[in-house]
Structures are given as structure tokens and as C-alpha cells.
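Novice:
Protein chains: 2
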Amino acid sequence: MKATTQTEQTAQTGTGAPLGTRERIVRAASRLMQRQGYEGTGIKQISREAEATLGSVYHFFPGGKQELATEAIRHGDREFADTLRAVLDSEEDPAAAVAATARVVAEELRASDWVDGCPVTATSLGTATTAPDIQRAAAEAFARWRGLVEDRLRRAGIGAEDAHDLAHTVIHTLEGAELAAQVARSDEPLLIAGRHLARLVDSYR
Amino acid sequence: MKATTQTEQTAQTGTGAPLGTRERIVRAASRLMQRQGYEGTGIKQISREAEATLGSVYHFFPGGKQELATEAIRHGDREFADTLRAVLDSEEDPAAAVAATARVVAEELRASDWVDGCPVTATSLGTATTAPDIQRAAAEAFARWRGLVEDRLRRAGIGAEDAHDLAHTVIHTLEGAELAAQVARSDEPLLIAGRHLARLVDSYR
DNA sequence: CCCCCTCTAGAACGAACGCTCTATCCAGGA
DNA sequence: TCCTGGATAGAGCGTTCGTTCTAGAGGGGG
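Just so you know, the protein sequences line up as chains A and B, in that order.
So the first sequence is numbered by this note's numbering: it starts at 1 and just counts up by one.
So the second sequence is numbered by this note's numbering: it starts at 206 and just counts up by one.
1. Express the C-alpha separation of Glu380 (chain B) and Ser391 (chain B) in angstroms, rounding to a whole number.
2. What whole-angstrom Cβ distance do His75 (chain A) and Arg136 (chain A) have, given they're in contact under 8 Å?
3. Should Glu355 (chain B) go down as buried or exposed, given a rule of 16 or more other Cβ atoms within 10 Å for buried?
4. Please identify, using Cβ separations under 9 Å, the residues of the stretch 360 to 371 of chain B that lie next to chain A, in order along the chain.
5. Can Leu88 (chain A) and Leu405 (chain B) be called in contact, C-beta distance under 9 Å?
6. Assign Arg351 (chain B) to buried or exposed, taking buried as 16 or more other Cβ atoms, counted over all protein chains shown, within 10 Å of its Cβ.
7. Please work out which residues of its chain come closer than 8 Å, Cβ to Cβ, to Asp202 (chain A), disregarding the five sequence neighbours upstream and downstream, and give them in chain order.
8. Under 9 Å between the Cβ atoms of Thr334 (chain B) and Val115 (chain A)?
9. Let me know the alpha helix (DSSP H) ranges lying completely inside the stretch 246 to 293 of chain B, each 4 residues or longer, listed in chain order.
10. Just checking: is the beta-carbon of His168 (chain A) within a distance shorter than 9 Å of some beta-carbon in chain B?
11. Of all the CB atoms in chain A, is at least one closer than 9 Å to the CB of His377 (chain B)?
12. In chain order, what residues of the same chain lie with their CB nearer than 8 Å to the CB of Ala343 (chain B), ignoring the 5 residues before and after it?
13. With a threshold of 9 Å between beta-carbons, can Leu179 (chain A) be considered close to chain B, or not?
14. Would you kindly report the start and end of the unbroken alpha helix (DSSP H) that includes Ser235 (chain B)?
15. Going along chain A, which residues have a C-beta under 8 Å from Arg240 (chain B)?
16. What's the gap between the Cα of Met206 (chain B) and the Cα of Thr246 (chain B)?
17. At which residues does the alpha helix (DSSP H) containing Leu190 (chain A) begin and terminate?
18. Looking at Ala81 (chain A) and Met33 (chain A), is the spacing between their C-beta atoms short of 9 Å?
19. Answer yes or no: does any C-beta atom of chain A fall closer than 9 Å to that of Arg349 (chain B)?
20. Going along the chain, which residues of its own chain have a beta-carbon closer than 6 Å to the beta-carbon of Ala131 (chain A), five neighbours each way excluded?
21. Does Glu150 (chain A) get closer than 9 Å to chain B when you measure Cβ to Cβ?
22. Helix, strand or coil for Trp114 (chain A), going by three-state DSSP, please let me know.
23. Is the CB-CB distance between Glu108 (chain A) and Ala100 (chain A) below 9 Å?
24. Buried or exposed: which applies to Leu224 (chain B), given that a residue is buried once 16 or more other Cβ atoms fall within 10 Å of its Cβ?
25. In three-state DSSP terms, what is Glu313 (chain B)?
26. For the alpha helix (DSSP H) that contains Pro132 (chain A), what are its first and last residues?
27. Straight-line CA distance for Ala192 (chain B) to Leu153 (chain A)?
28. Let me see if you follow: with CB-CB separation under 9 Å, is Gly352 (chain B) close to chain A or not?
29. Do you know how far the Cα of Leu54 (chain A) is from the Cα of Ile43 (chain A)?
30. Please decide whether Gly117 (chain A) counts as near chain B, where near means a Cβ-Cβ distance under 9 Å.
31. Which residues of chain A have a Cβ atom closer than 9 Å to the Cβ of Ser317 (chain B), listed in chain order?
32. Quick check: is the beta carbon of Leu405 (chain B) nearer than 9 Å to any beta carbon in chain A?
33. According to DSSP, simplified to helix, strand and coil, what is Thr129 (chain A)?
34. Return the CA-CA distance between Arg290 (chain B) and Arg349 (chain B), expressed in angstroms with no decimal places.
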């Protein structure tokens, strides 16, 4: 971790090569806030987990905790968008694709012992009155995810307005079901949601 | 606010009569945590808002913040259960009843300027690893709400298994749509969810 | 060779945190 | 009349919070 840090972090993301300081901080912030929420996560805990110092955190994020949180949300946004794209394209039938998404979310949640829920939700909840930037980043994440679903449905031949509405309900139902699955420590809510969403999508074909 | 406090608070809830200290504390905690989350809300802020002193808070809730939070969740649980019962019975058709529920949630959210979301979600999120009591109370709230919907659907002639599954998706979709409505500051997610849930329920008749 | 600039390092600040503790108040029973 | 015990009151504990600040490390360009 030297002055070459900045160039490293932009180049390598996928491999196991060492990440730049800035990227390590963002990832640590995203993961911690996903589990503990915005208020429940401290800057010092983030810097410790990222193996960076407080000085580095404020060097890369002069806006402090709020700037770091919005960046963490954007990280979670991109991350889920990637898996969403992949899963939606993995099935021929749009209804099956939606059900597969619910299954994947359920698997990942179970794998984390029901701890890693939606990073965007956990980070943004409770900041409505204090940090509008964070809310905006969260809204943008939801909008992007809905856009991916909407595109997929339109490509399957579903009309523009129906696809728009369906995308809303698909994303939001997954969101709510994941939340319920988390507190119940069971994937039943997500699997039921997947079946119902598939049925709903099918009814518009 | 004297020694008669304890008897007062059990007796009067609906009227405009003065509430007992304990009840005032629970309500303040519920409202504040609904907006700011568990970690974002301080005990001193609660006692200030409830017009009670720190001594009173720890007198009624020796378990501290965690005990207070579980009580706040149970309060929110009962509150939403009451409106849920009322709205579900206000319509003849079960699908229409579900859509009406989404409309009511949207109205209340809008009335609070998109700030008062689900009290159970906001309070319990981020406490998974630290406070299992809070998680349990949240899970019980969801289960109760699902139970109310399931009963309503079964009374409308829907089969046991279908009613069980539908109740899951109805509650969880409303949950997720309310969250999205909050960050987007728009009731569109909830209204779309209401239409889709009605269509889904209808498809099981 | 040395300056410069990005990045690292962590001590220190005031404020707020959850919680403990002692003191006081006051209605009802003996 | 005094006593008892639930309820109120708030100063103060140690800790952690987000943030600021100064100091140093170290490689590339003049």
C-alpha cells in the first residue's frame, strides 16, 4: 500500500490481486453497513476492517461518513445489478427467470446465516431526515434494478406499461421477502414470493 | 404523573386523556425508532420526547434499550394489526380488501411526508447479530399480520395452502413496496403492488 | 539531489452514547 | 404519625462517536 494505490484499485477488481486502499474501504463499509446499518457502523470499525487508517478514510472521503455511505450503496447497487443481469439471462422464460432470481437471493442469504440482507436497504433506512444524499443513492439503485427487470420483460414480449409495473412489483416483493426471510431465518418467504411472481408475470404473457 | 400512573396506562388508550408514563415512553420509542432506527435513536432523546426522565425509563425498562425496543416493536405490531383487521373487513371482495390495504398504507406514508415507514422493520434492521430478542419480536409481528391476512382469505373461500402462501406474499410485498415508496417519496410502488396483489389473489378464486 | 504531492499514520477534541447511582417525592397502610 | 415502596429526578460514570489536525513516508519529475 504505497502511492501506487490509486492506480491499482481502478485496474483490478475481479482477481485475487491486492485491492487499493480506497476500494478496500468501500467494500468494508458496504459489508458492515449491510449488516449493522448506517448508524450502527462506525468509521473506525470500517477503517479497522479495511486495514486502512482513519487518515486514509478521510483522505479518500472528505465528505465523511455520509459520502462513504453513498459510495457503499453504489457499490452494493452495482454488485446486485451484475448478478441480476446474469440470473435474468440464465432462463429462457421470463417467469422462470424471476423465480430463479428469488432462489439466488435466498441462497446467498442462507449462506450468510441470514445476516447479509439488502445492502441498500440496510444502509439507507433511518437516514431519511438526516442524509438526503444517501436516500437518493438508494432510490437510484432501486430504479436501476427495476430497469433491468423491465428490459428483460419487454424483451420477452410484454407490453411497455405492463413491464414497467411488473418490474416494480418484482423488485419490491423480493425486497420485502428478503427482509422477512432475514428476521424469520427461513427462505420460505423468498421461495413463495418467487412462485407468486412467476405466476404474476405469466398472467401477462 | 403520580403513583397512579401504572393504573392509568392500562385503562385509557383511545381517548385524549393523559397517558401514563410507561405508555408515553413506549410510544415515543416506537415513533422515534420508526424514523431513525434502533441505533439512531438515543435513550435520552426518547425520555425527552416522552416528557419522562431517565430514571423513569430505567425504572419501567430495567433491560435498557433492548427491552424498550422490543416493547416498541410490539406496540407497532398491535397498532398495524388493528388497522389491518379494520381494512380487510371493509371490503366484500378479498382482492379488493388487499388493494385497499395498500391504499391505506400509502395514504399514511404520504401523510407523514414519507418518513413513517414500517416501525417493525426500521427498529429491527441491523440488530440481527446483537439483539436476538428484537429479531424475535419482529418475526412475531410479521407472523401475526400474515395470520390476519390468511384468515381473511380463508373466510373468502380460498384453500388452506393457497391462503397461507398468499398471506406471505401480501404482507411481504406491502413491506417492500412501502420501503421503496419511502426512498422514492412516491406512492406509486404501493399502488402498483396493490393492483398486482389483487390480481394475484383473484387468480386463486 | 531535492522538492512535491499523494497517501499513510494516529493522537486529540468535544459531544453524545448507554447506563448506574443516590436522593427525593408522595400516596396508602399500620 | 411514621413507614414503606413505587415513581421521579438528574448528576456523573466510562466509553465511543465523527471529525480534525499535524507529522511523516516515499516515489517521480525538475
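We put the beta carbon where it would ideally sit given N, CA and C, even for glycine.
Specialist: According to the data block:
1. On the second sequence, residue 391 (chain B) is found 186 positions in, with the first residue counted as 1. On the second sequence, residue 380 (chain B) is found 175 positions in, with the first residue counted as 1. For Ser391 (chain B) and Glu380 (chain B), the gap between their C-alpha atoms comes out near 15 Å.
2. Position 75 of the first sequence, counting from 1, holds the residue named residue 75 (chain A). Position 136 of the first sequence, counting from 1, holds the residue named residue 136 (chain A). That pair is no contact at about 15 Å.
3. Residue numbering aside, residue 355 (chain B) sits at position 150 when the second sequence is read from its first letter. Counting other Cβ atoms within 10 Å of its Cβ, Glu355 (chain B) reaches 16 or more and is therefore classed as buried.
4. Of all residues in the stretch 360 to 371 of chain B, only His369, Asp370 and Leu371 come within less than 9 Å of chain A when Cβ atoms are compared, listed by chain position.
5. By one-based count along the first sequence, residue 88 (chain A) stands at place 88. By one-based count along the second sequence, residue 405 (chain B) stands at place 200. Not a contact, by the Cβ cut-off of 9 Å.
6. If you number the second sequence from 1, residue 351 (chain B) lands on position 146. By the 10 Å Cβ count, Arg351 (chain B) comes out buried.
7. Taking the first residue of the first sequence as position 1, residue 202 (chain A) is located at position 202. Closer than 8 Å at Cβ, skipping near neighbours: Ala95.
8. In the second sequence, counting from the first residue as 1, residue 334 (chain B) sits at position 129. In the first sequence, counting from the first residue as 1, residue 115 (chain A) sits at position 115. One thing to note: Thr334 (chain B) has its Cβ within 9 Å of the Cβ of Val115 (chain A).
9. Here the runs fully enclosed are 248 to 254, 259 to 265 and 269 to 293.
10. Residue numbering aside, residue 168 (chain A) sits at position 168 when the first sequence is read from its first letter. Interface flag for His168 (chain A) against chain B is set, since a Cβ pair is found closer than 9 Å.
11. As a working note, residue 377 (chain B) is residue 172 in the second sequence. Chain A, which has a Cβ nearer than 9 Å to the Cβ of His377 (chain B), makes this yes.
12. For the purposes of this step, residue 343 (chain B) is identified with residue 138 of the second sequence, where counting begins at 1. The residues are Ile278, Val325, Thr326, Thr328 and Ser329.
13. Residue mapping note: residue 179 (chain A) aligns to position 179 of the first sequence, counting from 1. By this cut-off, Leu179 (chain A) is an interface position.
14. Counting from one through the second sequence, the residue named residue 235 (chain B) turns up at place 30. Annotation for Ser235 (chain B): the continuous alpha helix (DSSP H) segment containing it runs Thr226 to Gln241.
15. Locating residue 240 (chain B) in the second sequence gives position 35, where the first residue counts as 1. Under the 8 Å cutoff, chain A gives Gly126, Ala128 and Thr129.
16. Taking the second sequence and counting its residues from 1, one reaches residue 206 (chain B) at position 1. Taking the second sequence and counting its residues from 1, one reaches residue 246 (chain B) at position 41. Low local confidence applies: a pLDDT of 35 at Met206 (chain B) is under 50, so the model's placement there is unreliable, with the coordinate-based value given in what follows. The straight-line gap separating the alpha-carbon atoms of Met206 (chain B) and Thr246 (chain B) is approximately 25 Å.
17. Position 190 of the first sequence, counted from the first residue, corresponds to residue 190 (chain A). Note, Leu190 (chain A): alpha helix (DSSP H), Glu188 to Asp202.
18. Along the first sequence, read from residue 1 onward, the residue named residue 33 (chain A) stands at position 33. Along the first sequence, read from residue 1 onward, the residue named residue 81 (chain A) stands at position 81. The Cβ atoms of Met33 (chain A) and Ala81 (chain A) lie no closer than 9 Å to each other.
19. Your numbering for residue 349 (chain B) matches position 144 in the second sequence. For Arg349 (chain B), the answer is no, since every Cβ of chain A falls outside 9 Å of its Cβ.
20. In the first sequence, residue 131 (chain A) corresponds to position 131, counting from 1. So the list reads Gln66, once near-sequence residues are dropped.
21. Stepping through the first sequence from its first residue, residue 150 (chain A) is reached at position 150. No, its Cβ sits nowhere closer than 9 Å to a Cβ of chain B.
22. Here residue 114 (chain A) corresponds to residue number 114 of the first sequence, with the count starting at 1. Of the three classes helix, strand and coil, the one that applies to Trp114 (chain A) here is coil, per DSSP.
23. Sequence index remark: in the first sequence, residue 108 (chain A) carries index 108 (1-based). Sequence index remark: in the first sequence, residue 100 (chain A) carries index 100 (1-based). Taking 9 Å as the Cβ cut-off, Glu108 (chain A) and Ala100 (chain A) do not qualify as a contacting pair.
24. Sequence index remark: in the second sequence, residue 224 (chain B) carries index 19 (1-based). Burial call: buried.
25. As a position in the second sequence, residue 313 (chain B) is number 108, starting the count at 1. Looking at Glu313 (chain B) - three-state DSSP - the assignment turns out to be helix.
26. Stepping through the first sequence from its first residue, residue 132 (chain A) is reached at position 132. In the DSSP assignment, Pro132 (chain A) falls within the unbroken alpha helix (DSSP H) covering Pro132 to Arg155.
27. The structure shown has nothing for residue 192 (chain B), since chain B only spans 206 to 410.
28. Within the second sequence, residue 352 (chain B) is the residue found at index 147, counting from 1. No, its Cβ sits nowhere closer than 9 Å to a Cβ of chain A.
29. Within the first sequence, residue 43 (chain A) is the residue found at index 43, counting from 1. Within the first sequence, residue 54 (chain A) is the residue found at index 54, counting from 1. When rounded, the distance between both Cα atoms is 8 Å.
30. For the purposes of this step, residue 117 (chain A) is taken as the residue at position 117 of the first sequence. Cβ-Cβ to chain B under 9 Å: yes for Gly117 (chain A).
31. Walking along the second sequence from the start, residue 317 (chain B) turns up at place 112. Result: empty, since nearest Cβ-Cβ is about 10 Å, beyond 9 Å.
32. Translated into positions along the second sequence, residue 405 (chain B) becomes position 200. Closer than 9 Å: yes.
33. Here residue 129 (chain A) refers to the residue found at position 129 when the first sequence is read from its first residue. It is coil, neither helix nor strand.
34. In the second sequence, the residue the question calls residue 290 (chain B) occupies position 85. In the second sequence, the residue the question calls residue 349 (chain B) occupies position 144. Going from the Cα of Arg290 (chain B) to the Cα of Arg349 (chain B) covers about 11 Å.
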